[in-house]
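Undergrad: Residue numbers (the working numbering): 27 to 275.
1. What did DSSP end up calling residue 244 once you bin it into helix, strand or coil?
2. Apart from the five residues just before and just after residue 121, which ones in its own chain have a Cβ nearer than 8 Å to its Cβ?
3. Are the region 141-159 and the region 186-198 touching by the rule of at least three beta carbon pairs closer than 8 Å?
4. Between the region 229-241 and the region 249-260, do at least 3 Cβ pairs fall closer than 8 Å?
5. Cutting at 8 Å between CB atoms, please list the residues of its own chain near residue 160, excluding the five before and the five after it.
6. Secondary structure at residue 88, three-state DSSP: helix, strand or coil?
7. Helix, strand or coil for residue 210? Go by DSSP, reduced to three states.
8. Within a Cβ cutoff of 6 Å, which residues of the same chain sit near residue 223, ignoring the five residues on either side of it in sequence?
9. When we look at the beta-carbon of residue 60 and count the other beta-carbons within 10 Å, is it buried (16 or more) or exposed?
10. If you compare alpha carbons, which of 215, 244, 274, 167 is closest to residue 266?
11. So, does the CB of residue 191 fall closer than 8 Å to a CB anywhere in chain C?
12. Do residue 244 and residue 181 have their C-beta atoms closer together than 8 Å?
13. Count the other C-beta atoms from every protein chain shown that fall within 10 angstroms of the C-beta of residue 178, then say buried if there are 16 or more, exposed otherwise.
14. Does the separation of the CB atoms of residue 111 and residue 197 fall below 8 Å?
15. With DSSP as the reference, label residue 62 as helix, strand or coil.
16. Have a look at 163, 264, 65, 175 and flag the residue whose alpha-carbon is nearest the alpha-carbon of residue 218.
17. Find out if the Cβ-Cβ distance for the pair residue 165, residue 82 is shorter than 8 Å.
18. Look at residue 128 and residue 33 and say whether their C-beta atoms are less than 8 Å apart.
19. If you scan the region 95-157 from start to end, which runs of the alpha helix (DSSP H) of 4 or more residues do you find wholly inside it?
20. Looking at the structure shown, is residue 56 part of a helix, part of a strand, or coil, going by DSSP?
21. Less than 8 Å between the C-beta atoms of residue 146 and residue 206, yes or no?
22. Along the chain, where does the alpha helix (DSSP H) that runs through residue 263 open and close?
23. Could you tell me the alpha carbon to alpha carbon distance between residue 233 and residue 123, rounded to whole angstroms?
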C-alpha cells in the first residue's frame with residue numbers, strides 16, 4: 027500500500043510537471059522521447075496501481091476479518107485475485123520498460139549524431155503500447171480454466187502489441203543506419219537493449235498464442251521471455267542512462 031501510494035503521488039507529480047511547467051516554446055511535439063516515456067508510464071501507474079491496492083485490501087480482509095473475496099468456502103473466487111493482480115502485473119512490465127526505451131531513444135540519437143528516426147511514430151508507438159498493455163492481462167491466465175474464446179481475444183490483443191514494438195525496434199535500427207556512431211558504453215548498452223528487446227519480443231509472439239502458451243507453460247521458455255524483456259532490457263536501459271548522464275551531472 028505504501029509503495030503504491032508513493033508511485034501514485036510520484037506519477038501525479040510527473041504528469042502535472044510535464045503538462046503545466048514546460049519551458050516557453052517547449053510544445054508537446056518537441057519534448058524529448060524520454061519525457062514522453064515517463065509521462066505515459068505515469069498514466070499507466072495511475073490506472074493499474076489502484077487495482078492492486080483494491081486486491082491487496084481484499085486479501086488483507088480475507089486473512090484478518092473473515093471476509094471471503096478469494097475463499098471458495100465462503101463463495102469467493104481465487105481466480106478473481108489473479109485477474110486483479112495481472113491487471114496491474116501486465117502494465118507493470120511496460121512501466122519498467124518504457125522509461126528504458128525512452129533513455130535508449132535519447133542515447134541512440136545522440137551517439138548516432140542525428141535525430142531519432144520517426145519521432146511522431148515513436149510517440150504513437152509508446153501510446154499504443156500503453157493502451158494495449160492494459161487490455162492483455164488475461165494472457166497470463168491461459169491455463170486458469172479460461173473460456174477458449176476469451177483466450178483467443180487475449181491472444182489477438184497480445185499479438186497486436188508486436189506492431190508498435192516493431193515500430194520502435196525498426197526506428198532504432200534506422201537511426202543507427204549510416205549514422206556517425208560513437209560506440210561509448212552508454213551506446214553499447216542501448217544497442218544491447220535493442221537486441222534483447224527484439225529477442226524478448228519474438229518469444230512474446232510465441233507465448234501470446236494461447237495454443238502454444240499452454241504447452242510451454244511452467245517451462246523456462248516463459249521465464250526467459252519475461253526476463254529478456256523486463257529484466258535485462260530494463261537493466262541495460264538503466265546502465266545506459268547512468269553512463270550517459272552521470273558525467274554531465
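Even for Gly, the Cβ is constructed at its ideal location relative to N, Cα and C.
TA: By the coordinates alone:
1. Reading the chain shown from its first residue, position 218 is the one you call residue 244. In the structure shown, residue 244 sits in coil (DSSP, three-state: anything other than H, G, I, E or B).
2. As a position in the chain shown, residue 121 is number 95, starting the count at 1. Residues of the same chain with a CB within less than 8 Å of the CB of residue 121, apart from the 5 flanking positions on each side, are 67, 70, 71, 74 in chain order.
3. Touching, yes, given that three or more Cβ pairs across the two stretches are closer than 8 Å.
4. Yes: at least three Cβ pairs fall under 8 Å.
5. For the purposes of this step, residue 160 is taken as residue 134 along the chain shown, with counting starting at 1. 70, 73, 74, 113, 116, 117, listed in sequence order.
6. Counted from its first residue, the chain shown places residue 88 at position 62. The three-state secondary structure of residue 88, taken from DSSP, is helix.
7. Translated into positions along the chain shown, residue 210 becomes position 184. Shown here, residue 210 sits in coil according to DSSP, grouped into three states, outside any helix or strand.
8. Within the chain shown, numbered from 1, the residue matching residue 223 stands at position 197. So the list reads 259, once near-sequence residues are dropped.
9. Residue 60 sits at position 34 when you count from the first residue of the chain shown. Buried, because 16 or more other Cβ atoms sit within 10 Å of the Cβ of residue 60.
10. As a working note, residue 266 is residue 240 in the chain shown. Looking at the Cα atoms, 215 is the closest of the given residues.
11. This model lacks chain C altogether; it includes just one protein chain.
12. Indexing the chain shown from 1 puts residue 244 at position 218. Indexing the chain shown from 1 puts residue 181 at position 155. In this structure, residue 181 does not lie closer than 8 Å to residue 244 by Cβ.
13. If you number the chain shown from 1, residue 178 lands on position 152. Label assigned to residue 178: exposed.
14. Locating residue 111 in the chain shown gives position 85, counting from the first residue. Locating residue 197 in the chain shown gives position 171, counting from the first residue. No, the Cβ-Cβ distance between residue 111 and residue 197 is not below 8 Å.
15. As a position in the chain shown, residue 62 is number 36, starting the count at 1. In the structure shown, residue 62 sits in a helix (DSSP, three-state: H, G or I).
16. In the chain shown, residue 218 corresponds to position 192, counting from 1. Comparing Cα-Cα distances from residue 218 to each of 163, 264, 65, 175, the minimum goes to 264.
17. For the purposes of this step, residue 165 is taken as residue 139 along the chain shown, with counting starting at 1. For the purposes of this step, residue 82 is taken as residue 56 along the chain shown, with counting starting at 1. Taking C-beta atoms as the reference points, residue 165 and residue 82 fail to come closer than 8 Å.
18. Walking along the chain shown from the start, residue 128 turns up at place 102. Walking along the chain shown from the start, residue 33 turns up at place 7. Between residue 128 and residue 33, the C-beta gap is not smaller than 8 Å, which leaves the two residues out of contact.
19. Taken in chain order, the whole alpha helix (DSSP H) runs of length 4 or more contained in the region 95-157 are 104-138.
20. The residue labelled residue 56 in the question sits at position 30 within the chain shown. If DSSP states are grouped into helix, strand and coil, residue 56 belongs with the helices.
21. Position 120 of the chain shown, counted from the start, is the residue given in the question as residue 146. Position 180 of the chain shown, counted from the start, is the residue given in the question as residue 206. Not a contact, by the Cβ cut-off of 8 Å.
22. For this step, residue 263 is matched to residue 237 along the chain shown. Run containing residue 263: 259-271, per the alpha helix (DSSP H) assignment.
23. Residue mapping note: residue 233 aligns to position 207 of the chain shown, counting from 1. Residue mapping note: residue 123 aligns to position 97 of the chain shown, counting from 1. Spanning the two alpha carbons is a distance of roughly 18 Å.
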